[in-house]
Amino acid sequence: MTASARTQRVTAGHSGARTPAGVQVQPRKMEFAFSQLQGRFFYDNNRLLSAFFAALSSTFPPGEAEFIASVRNYRGRITDPLLKEQIRGFIGQEGHHSHQHKKANQVLRELGMDAVRLEHHLQRDIDRFLQRRHATPRFRLAMTVGMEHMTAIMAEFVLHNPEVLAPLEASVRDLLYWHAVEEIEHKAVAFDVYMDQEGDQKYLRKVLRLVTVLFTVRIACYMVALMWWSRKLPRWSDVKGLWRFMFGAKGMISHIRGPYRDYFKPGFHPWDHDNRALIDKWQNELRRDANSAA
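Quick note on our numbering: the sequence shown kicks off at 261 and runs consecutively.
Pasting the structure below:
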């Protein structure tokens, strides 16, 4: 894309940071007592839901490292001082998420849910992907923007419905609440970088469709792998529990379907969904201060 063409597209969209002024994108240093996690099927003894959460955790360390790298490709071009500061916060938050999920994945492996093996599998896939010609900075950043939207709307689901994590051991529950809050805080950073530098929102919509398929297939395959390695078939009660979690009246897919579709509206911005109240909810109701470290 020529410089003039990019300028026209950016002008048609927006440039600079658009996160509300009251939202601080700053990493928090957190520690979690994962050693207290007991039992292979740690989510209410449901084999499928335990595999779902383990599969999800396995993707975070390599996935978030790629998110950081894709944003760093553009960091030197950003001139808006607030967006530059938010990029620093985004990198710090994602880096700490990766670190904590690595620790959780190791404990899951010891319990018989080998999230570490899946973590390494995804890292190999990312390394191969980066060798391909189509792995351009633009495509990588667009994929990050899409995944950040998906994680942000899943984070909103968790914080709107904190009871869905009630069956989890406290340390894992605290990890996911904290992770969800910071996903909301930085949900617009990659988007704003992309719009500042590329400005083609139609391309973002195309890439989100691809990202959705790839992510869904990967999580499903990882769940199958975890079940296979555990030598345990899911029971009918496990299937019903997974269905309720995903598609019930308060299910995750039921909740995120609308916010997911909003991404395809012309002029969409992640903060069209102003859910700052969920950050306060975590701070005032869900956060356990004993888990925080200065």
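Don't be surprised by glycine CBs; every beta carbon is placed ideally from N, CA and C.
Residue i versus the options, residue with shortest Cα-Cα distance
i: I539; options: F417, E408, Q360 and A314; result: F417
i: E545; options: L468, R369, G355 and Y437; result: Y437
i: R451; options: R547, V484 and W531; result: Sequence check: residue 451 is Phe here, not Arg. It is W531.
i: H439; options: H361, V471 and V499; result: H361
i: V499; options: H533, F301, R307 and V484; result: R307
i: I328; options: H357, F302 and A311; result: H357
i: F312; options: I386, R548, E442 and V484; result: V484
i: D340; options: R400, T279, D385 and E445; result: T279
i: F294; options: G352, Y334, L368 and D385; result: L368
i: Q353; options: G508, R548 and Q284; result: Q284
i: R337; options: L419, M290, F320 and E458; result: E458
i: H420; options: V441, H394, R348 and M407; result: V441
i: L401; options: R335, I513, L425 and L378; result: R335
i: G282; options: W503, H446, A509 and P526; result: H446
i: F301; options: A509, D534, M407 and K492; result: K492
Beta carbon of residue i nearer than 8 Å to that of residue j
i: A315; j: Y482; result: yes
i: P322; j: Q383; result: yes
i: L343; j: D460; result: no
i: M403; j: V467; result: yes
i: V331; j: V432; result: no
i: G303; j: L435; result: Going by the sequence as given, residue 303 is Tyr instead of Gly. No, these two residues do not count as a Cβ contact at 8 Å.
i: I386; j: E326; result: yes
Euclidean distance between Cα positions of residue i and residue j
i: L474; j: H515; result: 21 Å
i: F350; j: R536; result: 17 Å
i: V376; j: L486; result: 11 Å
i: Q543; j: R392; result: 43 Å
i: A430; j: G355; result: 22 Å
i: K363; j: S318; result: 11 Å
i: K462; j: L470; result: 13 Å
i: V477; j: L309; result: 16 Å
i: H409; j: G511; result: 18 Å
i: T396; j: H381; result: 22 Å
i: E423; j: R465; result: 32 Å
i: D522; j: H529; result: 9 Å
i: P494; j: W488; result: 10 Å
i: E370; j: F507; result: 31 Å
i: F320; j: G518; result: 24 Å
Whole-Å CB distance - residue i paired with residue j, under 8 Å assumed
i: G372; j: S490; result: 6 Å
i: Q346; j: V449; result: 5 Å
i: A412; j: I444; result: 6 Å
Residue i Cβ short of 7 Å to the ligand PLP heavy atom set
i: N535; result: Here there are no bound small molecules, and the ligand PLP is not part of this structure.
Any chance you could list the alpha helix (DSSP H) runs of at least 4 consecutive residues sitting entirely within the segment 476-508, in chain order?
-> 496-507
Along the chain, which unbroken stretches of the alpha helix (DSSP H) at least 4 residues long are found entirely within the segment 300-359?
-> 307-335
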